[in-house]
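Trainee: I am attaching a structure below and will ask some questions about it afterwards.
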Amino acid sequence: MNCPAQWALSPLDLQAHLLLAEGCHPKGVLKARCGHLLPLMSMRFAEFSARKCTDCHLMSLSDAILSLRVDDADAAPSATVREAS
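Counting in my numbering, the sequence shown tops out at residue 85, every number present.
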């Protein structure tokens, strides 16, 4: 993901949900990546360590693994030419 993940605590199920990117929410609500709709008044966090929605938690782990793979690919050493001695 290009922007930092944002979590919101749902007052309905008392779980933290991973929100979609800014601008991807229906009018008047926040939409989580798992599909749950949360009221706009939901508290938002950059990271939430308490009870997380299982689907959202798995998506955040998947995002983290994918970003590590991309970072590893970007940091791969370029081929070097060895000089003959």
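Note that the Cβ used here is the ideal one computed from N, Cα and C, for glycine as well.
Taking all protein chains shown into account, decide if R33 is buried (16 or more other Cβ within 10 angstroms of its Cβ) or exposed.
Mentor: The sequence position of residue 33 within the sequence shown is 33, counting from 1. Burial call: buried.
Trainee: Around the C-beta of C56, are 16 or more other C-beta atoms found within 10 angstroms, so that it is buried, or is it exposed?
Mentor: As a first step, residue 56 is located in the sequence shown; it is residue number 56 there, counting from the start. Its Cβ being crowded by 16 or more others within 10 Å, C56 is buried.
Trainee: With distances taken from CA atoms, which of S67, D63, P26 is nearest P39?
Mentor: Counted from its first residue, the sequence shown places residue 39 at position 39. When only C-alpha atoms are compared, the closest one is P26.
Trainee: CB-CB under 8 angstroms to R51, same chain, minus the five flanking residues each way: which ones, in chain order?
Mentor: In the sequence shown, residue 51 corresponds to position 51, counting from 1. Excluding sequence neighbours, R51 sits near L14, Q15, A16.
Trainee: Distance, Cα to Cα, W7 vs G28?
Mentor: Translated into the one-based positions of the sequence shown, residue 7 becomes position 7. Translated into the one-based positions of the sequence shown, residue 28 becomes position 28. Roughly 17 angstroms between the two C-alpha positions.
Trainee: The beta strand (DSSP E) with F48 in it runs from where to where?
Mentor: Taking the sequence shown and counting its residues from 1, the one referred to as residue 48 is at position 48. Note, F48: premise wrong, no beta strand (DSSP E); not H, not E.
Trainee: Tell me the DSSP secondary structure of L58 in three-state form.
Mentor: In the sequence shown, the residue the question calls residue 58 occupies position 58. Three-state DSSP puts L58 in a helix.
Trainee: Considering only the alpha carbon of each residue, which of C24, C53, A21, L20 lies closest to L9?
Mentor: One-based indexing of the sequence shown puts residue 9 at position 9. Of the candidates C24, C53, A21, L20, the one whose C-alpha sits nearest the C-alpha of L9 is C53.
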